[in-house]
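Colleague: After the C-alpha cells below, expect a handful of questions from me.
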Amino acid sequence: MAILKSISIVVYVAILAVATGCKKQAEDKPGDKEAAATSGNKTTEAPEAPAPTPAKPAGNVDAVVAVMVPYEACRKKLVANDASLKMCAEQIASAAGKLEGGVAVPGRAITAAAKALANAPNDDISALRLAFGEISRPVESMLIATPGAATKYKMYDCSLAKGFTRWAQPIGAHVAMANPYGPKLLECGVEVHDHHAGPAGHGAKGD
Numbered sequence: 010m011a012i013l014k015s016i017s018i019v020v021y022v023a024i025l026a027v028a029t030g031c032k033k034q035a036e037d038k039p040g041d042k043e044a045a046a047t048s049g050n051k052t053t054e055a056p057e058a059p060a061p062t063p064a065k066p067a068g069n070v071d072a073v074v075a076v077m078v079p080y081e082a083c084r085k086k087l088v089a090n091d092a093s094l095k096m097c098a099e100q101i102a103s104a105a106g107k108l109e110g111g112v113a114v115p116g117r118a119i120t121a122a123a124k125a126l127a128n129a130p131n132d133d134i135s136a137l138r139l140a141f142g143e144i145s146r147p148v149e150s151m152l153i154a155t156p157g158a159a160t161k162y163k164m165y166d167c168s169l170a171k172g173f174t175r176w177a178q179p180i181g182a183h184v185a186m187a188n189p190y191g192p193k194l195l196e197c198g199v200e201v202h203d204h205h206a207g208p209a210g211h212g213a214k215g216d
C-alpha cells in the first residue's frame with residue numbers, strides 16, 4: 010500500500026508540473042503579444058498628394074501649318090505689291106477658326122484679323138499691309154505656343170515698318186527673307202530667335 014501511495018503522489022506531481030508548464034507557455038506565446046500590441050496601435054495613413062496640374066497643351070503643328078500656308082500666300086502677294094488678298098485672307102480665317110487647345114486664343118484673334126483683311130477694300134495697299142500686320146501679331150503668339158513650329162517658321166522684325174513690325178516666313182534653303190510691309194522695305198528685317206527672344210542682329214537675309 011505504501012508503494013502504491015508513493016506512485017500516486019509521483020504521478021500527481023508530474024501532471025501538475027505539465028499543466029503549469031502549458032499555462033506559462035500559453036501566456037508567453039509571441040503571436041498573442043504581437044496581436045495585443047497591434048490592436049493597441051492605430052495606423053495613420055499619409056494624406057494623398059494633390060494631383061499635378063496638367064500642362065497647357067501645345068499647339069498642333071498640322072493645324073498651325075494649315076493657317077500658315079494661306080498666310081504665306083498673302084505675304085508673297087504683298088511682297089509683289091499685289092492687293093488681291095481676299096481669298097488668302099478668307100482661307101486664313103477658316104483655318105484659324107479650327108485651332109484648339111493652347112492656340113485657341115491666338116486662333117480667335119487671327120480669325121478676326123483675317124476677316125477684317127478679307128473685307129478691306131483693295132484700292133489701298135498700305136492699309137492692307139497694316140491689316141496683314143494685325144494678323145501677324147497673333148500669328149507670333151500661335152507659333153510661340155507651338156514648339157514644333159520653330160523648326161518650320163522664322164519670325165522677322167523691321168523697326169522701320171508701320172504698325173506691327175514682325176512677320177513669319179517658312180524655313181528653307183530657297184526661302185529668302187522678304188518684308189511684306191512696303192516695297193522700300195523688302196530687305197529690312199532681323200531674325201527674331203525662338204519667335205520671342207529678341208533680334209539676333211541686323212541685316213538678316215534669311216536662309
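Here the sequence shown stands for residues 10 to 216, numbered as in my numbering. C-beta: ideal position from N, C-alpha, C; glycine also. Note that the structure is predicted; figures quoted are calculated from it, not measured.
Look up residue 190 in the DSSP assignment and say whether it is helix, strand or coil.
Modeller: For the purposes of this step, residue 190 is taken as residue 181 along the sequence shown, with counting starting at 1. Three-state DSSP puts residue 190 in coil, outside helix and strand.
Colleague: Within the continuous beta strand (DSSP E) that includes residue 95, where are the two ends?
Modeller: Taking the sequence shown and counting its residues from 1, the one referred to as residue 95 is at position 86. Careful: residue 95 lies outside any beta strand (DSSP E), inside the alpha helix (DSSP H) at 95–105.
Colleague: Apply the 10 Å Cβ neighbour rule to residue 8 and answer buried if 16 or more other Cβ atoms are within range, or exposed otherwise.
Modeller: Residue 8 cannot be examined here, being either before or after the span of the chain that is shown, 10 to 216.
Colleague: Quick one: residues in its chain with C-beta nearer than 8 angstroms to the C-beta of residue 137, no 5 flanking neighbours on either side, listed in chain order?
Modeller: What you label residue 137 is simply residue 128 of the sequence shown in a count that begins at 1. These residues qualify, in order along the chain: 87, 92, 94, 126, 129 and 131.
Colleague: What span of residues does the alpha helix (DSSP H) with residue 71 cover, start to end?
Modeller: The count along the sequence shown starts at 1 and reaches residue 71 at position 62. Where residue 71 is concerned, the enclosing alpha helix (DSSP H) stretches over 70–88.
Colleague: Taking all protein chains shown into account, do 16 or more other C-beta atoms lie within 10 angstroms of the C-beta of residue 81, making it buried, or fewer, making it exposed?
Modeller: As a position in the sequence shown, residue 81 is number 72, starting the count at 1. By the neighbour-count rule (16 or more Cβ atoms within 10 Å), residue 81 is buried.
Colleague: Report buried or exposed for residue 104, applying the criterion of at least 16 other Cβ atoms within 10 angstroms of its Cβ.
Modeller: Residue 104 sits at position 95 when you count from the first residue of the sequence shown. With 16 or more Cβ atoms within 10 Å of its Cβ, residue 104 is classed as buried.
Colleague: Alpha carbon to alpha carbon, what distance is there between residue 75 and residue 102?
Modeller: Position 93 of the sequence shown, counting from 1, holds the residue named residue 102. Position 66 of the sequence shown, counting from 1, holds the residue named residue 75. The alpha-carbon atoms of residue 102 and residue 75 are separated by roughly 10 angstroms.
Colleague: In angstroms, rounded to a whole number, what distance separates the CA positions of residue 157 and residue 73?
Modeller: Along the sequence shown, one-based indexing puts residue 157 at 148. Along the sequence shown, one-based indexing puts residue 73 at 64. Looking at the two C-alpha atoms, the distance is approximately 10 angstroms.
Colleague: Please list the segments of the beta strand (DSSP E) lying wholly inside the segment 127–207, counting only runs of 3 or more residues, in order along the chain.
Modeller: Segments of the beta strand (DSSP E) lying fully in the segment 127–207: 162–166, 175–179 and 199–201.
Colleague: Between which residues of its own chain and residue 163 is the CB-CB distance below 6 angstroms, once the five residues before and five after are set aside?
Modeller: Taking the sequence shown and counting its residues from 1, one reaches residue 163 at position 154. The residues are 178, 180 and 200.
Colleague: Using a Cβ-Cβ cut-off of 7 angstroms (strictly less than) and excluding sequence neighbours within five positions of residue 226, which residues of its own chain qualify?
Modeller: Outside the shown range of the chain (10 to 216) lies residue 226, about which nothing can therefore be said.
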